[in-house]
Amino acid sequence: MTTRPTSNTLATLTLSALSALFLTGLAPQALAGTERTPLRAATLPAESAQSAETARVIVRLRTSSRLASTLSAGTRATVAELRQAQALGSRLGLTLQDGHSIAPDMQVMTASGMSSATLARRLAADSEVLSVHVDQRRRTHAAVSDPLYAGGSGFSPASGQWYLRSASSTLVSAINAETAWSLTTGSAGVIVAVLDTGVRWNHPDLDGKLVGGYDFISESVIANDGDGRDSNPADPGDWISSTENSSDATLKGCGVSDSSWHGTQMAGLIGASTNNASGMAGLGRHVRVLPVRVLGKCGGYDSDIIAGMRWAAGLTVPGVPANPNPARVISMSLGYPDDSASGCTAADPYSVAVAEVHAAGAVVVASAGNDGRKVNKPANCPGIISVAGLRHAGTKNGFSSLGPEVSIAAPAGNCVNLSGECLYPILSTSNAGTTTPSCPTHTTGGSDAAVGTSFAAPLVSGTAALMLAANPALTPAQVLSLLKSSARGFPSSGAGVGVSSCVAGISTDQDECYCTTGTCGAGMLDAGAAVRAAAGTLPIARIGETSTRIDLGSATLLDGSGSSVAAGRTLAGYGWALGDGTLARFNGTTGGSTASVSALGSGLVAVTLTVGDSAGASASSSAVLRTGPAPSATCGTDSSDGAGTPASSTTEDSGGALGEGWLAGLALITALLAAVRRRARA
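Read in order, the letters of the sequence shown correspond to residues -32 to -1, 1 to 650 in mature numbering (1 follows the signal peptide of the UniProt record, and there is no 0).
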C-alpha cells in the first residue's frame, strides 16, 4: 500500500506499482510439493454427553509422595506400569480402577457411579496428588472445508491459503491459524474495522460478516459515488482513466489503473465465511467486519482517514452519526513514505488519534509500506502495530518497508518464479470488474495475484480479533505485548546466494534480506501462540465446526464441546441463546455442550454460547447463522450502491450485511453468565 501526496498530503492507493515491486530480487525456484490437508475427523461425543457412570481422569502424583516413590522404584527395575488406584482409593474411600500409565508419575484412573468432574475434584483434595484432569476425548485439528484453503491441482493458486497453515520448512512464515482455531473461532462480539476503499456487499464469502459502516471520503471526485461523506461504504470502484490521469484537476498524475477492490480483499482475509465448503477461509471465522471507506480514486486525505479511525472506535466525529458498533481492532492497509526528519511525533494528528482510540479500547494495526525503505506513515506513529511483509521462506519481501518502528512481520505474498503463475500470493475475496463492479470472485495466481504489506496487516488484525475473543479484557498495549512475545524467531539461512541481513535507516531500496528485530519487528506472527497466550487461565467458549446455514424446515447441531478451561479446572456448565426467536428456535435443551436449532424464517440471527468452569469463571462467544436461502450473488451494481444509502439498513437478504438488530442477541450474555456461574457453584 503506497500513497501519493498533494499540498494536503493526499494518501492514495497505488496498487498498480506493485507489479514492478514484487518482481524485484526474486530468484527462480521450484514449488516444493503440494501440501496435503488432514482428513476431517469423525464427530466424537462431548464429555458432557458421556455416562456419569464411567468417570475417567488422568492423575499426576507428587514426586515426593509415598505412592510415587513406590512407582519410581518399580519402574526403574521392571518398567512396570503405575497401578496405584487401589492405594489411592483406599485413602479416600473410593473404588478406583487402574488405567494405563502415561509417565513415571502419571496414570489413568476410572471409577463408577460419578461424573469425571466429580472424581477429579475428589482426587485433587488428596495431599499426594499434584494434579488431576478429566481424560476428555479430543479431535484432530481438522482443516476447514473451504476448497480454496487447500488449493491443489486445478486451483489458482495451487498453494491455496498457504499463509494460514502450520509453519514448515517450506512455509516458514505461515501463521499457524489452525492452532488458533482449536482454541477459538472468534466471536461476533469482536468487530474489526477495515479502513480502506469500502466493500462489495454482495460477495458470497462476506454474507453475514459485515455490519454497519460509513463513507468518510469528503470529495466527490475521489469518492466516485456521486457525493461526499455518507452512510454507505460500498466500493463503486477506484479506477483512473487515461483522461483523468492527464487532465483532471484532482486526479492528474495519479497513474492509469483498474479498480483494485482493495477493501473487499482486506475484509475477506479477516472475516470471510469459513468451513462452509465454499470459497475461502477467513482468519477470524466468527468476527464481524465494519467497512469504513476512506480511500477512493487516487487514495484519500489524512483528515478523512483520521476521522474514520475515531468513528470506528466509537468516538464522536462532528456531522457524522454515532457508530452503534464500535470496533475493537482497526485495520489500515494504507500509507505514504514519511520524508520528515522527525518522523511521526506525539503531536502528529495520527498519534493523537491513536491515543484516543487506545483509550476507547481499540487496537490499531497498519501496514509498513511497499517501497523497501523507511516505514510509511501512519505505520511509523507511536502506538500503532506496524506490520512488515515476509516471503513464504521467512525473509523480508523485496518491497516491504522496514525499520525500528515495525512491531511484527507477517506473510505478504511472493511469486518466487519470474514467469508463469505466481506461486505464493495472498488469496482473498475480490471482484472481476476492471472499472465498475462486475461479478464476485477471488484473487488468483494470475494477473490479479495479490502481494504487498497491505495483506500482511489484516493477518495481524484478524489474530488480534481472535485474541480479544479469547480474552475481551485485553488492552491495546497488552495485545501488542502478547503478539511480540509469542512471535517466532526469524530465519537466518535458507535463502538464495547473496541474501544478507536487513539494515534499518538507509535511503536505498532493500530487496530480499534476512529480518532482524531492529528491522522487521519482534518476529514472525504466530496466531496459535498469540491466542494461547491471550487466553491465560480464562475459560474459552468455542463454537465449533458446525454449519452456520440452516435451510427452512431443517435443523443444525451447534457444537460447543471444543470449549476449554485452564489446567486444573473442569467445564461446569453450558448455556445457549438466540438473538431473534422469530427466525430460529432451539429444539430441546440449551444447557448442554451441543444445541439443535431450526430455522423459522429467512435472515441472519445471532447465537451465543456461554460456558463456566469449576472455579466459577465464565466466558461467552457468539456467531451469526444464516436461516433460509442465502442471497444470490449478483454481478454488477446492486441496491447497496446507491449514494447515501445507509448500509446498516440494507435488508438482510439483499446484501449479506448485518444491521443493528443482531446485536440484541448479545444482550442475553449477562443473564447467561449469571446462570452458568450458579450452575458452576452448585
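Ideal Cβ positions, reconstructed from N, Cα and C, are used throughout, including at glycine.
Pairwise C-alpha distance: residue j and residue i
| i | j | result |
| --- | --- | --- |
| L546 | N555 | 12 Å |
| W229 | D183 | 15 Å |
| C603 | S406 | 5 Å |
| A433 | R296 | 7 Å |
| A92 | V100 | 6 Å |
| L640 | W544 | Because L640 carries a pLDDT of 45, less than 50, the predicted location of this residue cannot be relied on, and the following value inherits that uncertainty. Cα-Cα distance, rounded: 8 Å. |
| A463 | I298 | 34 Å |
| N385 | V419 | 14 Å |
| A591 | A118 | 24 Å |
| A145 | V575 | 23 Å |
| Q54 | I159 | 53 Å |
| R278 | R261 | 13 Å |
| residue 659 | G180 | As displayed, the chain neither begins before -32 nor continues past 650, which places residue 659 out of reach and without an answer. |
| G166 | R28 | 55 Å |
| residue 653 | T595 | Nothing about residue 653 can be read from this structure; the chain reaches only from -32 to 650. |
| residue 651 | D164 | This structure cannot speak to residue 651, because the chain is shown only from -32 to 650. |
| T404 | T605 | 8 Å |
| G122 | A438 | 37 Å |
| Y318 | P72 | 58 Å |
| A523 | A135 | 37 Å |
| M77 | G466 | 59 Å |
| S429 | A240 | 14 Å |
| I274 | Y304 | 14 Å |
| C470 | K342 | 12 Å |
| T153 | L283 | 28 Å |
| R537 | D581 | 6 Å |
One or two residues paired with residue i in a DSSP bridge
| i | result |
| --- | --- |
| V257 | V160, L178 |
| A565 | The question names Ala, but residue 565 is Val in the sequence shown. According to DSSP, which records beta bridges pairwise, V565 is partnered with T524, F554. |
| C481 | K364 |
| H410 | T397 |
| L358 | K364, P379 |
| A545 | T576 |
| V592 | A574 |
| M492 | A377, R456 |
| L539 | D581 |
| S141 | Answer by DSSP bridge pairing: none, since S141 is not bridged. |
| I508 | S532 |
| I353 | V333 |
| S117 | The question names Ser, but residue 117 in the sequence shown is Tyr. Answer by DSSP bridge pairing: none, since Y117 is not bridged. |
| V27 | Q75, V100 |
Nearest neighbour of residue i, chosen from the options [CA to CA]
| i | options | result |
| --- | --- | --- |
| T476 | L219, V189, A202, G371 | G371 |
| P599 | G351, G571, D609 | G571 |
| F367 | S209, S225, A336, S396 | A336 |
| R59 | D94, L50, L174 | D94 |
| T514 | V428, L506, L526, A503 | L526 |
| C266 | N338, G340, S241, E187 | E187 |
| H410 | R28, D114, R30, S310 | D114 |
| residue 651 | V592, T313, A567 | For the chain, the structure presents residues -32 to 650; residue 651 sits outside this window and is missing. |
| V333 | I353, C481, S141, P289 | I353 |
| V162 | L258, A217, T138 | L258 |
| G541 | G414, D270, P204, S531 | S531 |
| S225 | G231, E212, I208, P393 | I208 |
Helix, strand or coil at residue i according to DSSP, with G and I counted as helix
| i | result |
| --- | --- |
| D609 | helix |
| L451 | helix |
| S586 | strand |
| T313 | coil |
| M77 | strand |
| G67 | strand |
| residue 654 | Outside the displayed range of the chain (-32 to 650) lies residue 654, so it cannot be described from this structure. |
| G122 | coil |
| L50 | coil |
| L434 | helix |
| A347 | coil |
| L151 | helix |
| V428 | helix |
| A249 | coil |
| L132 | helix |
| V499 | helix |
| S84 | helix |
| A417 | coil |
| S469 | strand |
| L442 | coil |
What are the complete alpha helix (DSSP H) segments, minimum 4 residues, inside the region 163 to 247? Entirely contained in the region 163 to 247, the alpha helix (DSSP H) runs reaching 4 residues are, in chain order, 188 to 191, 210 to 215, 230 to 239.
Sequence ranges, alpha helix (DSSP H) only - wholly within the region 260 to 344, length at least 4: 270 to 280, 317 to 327
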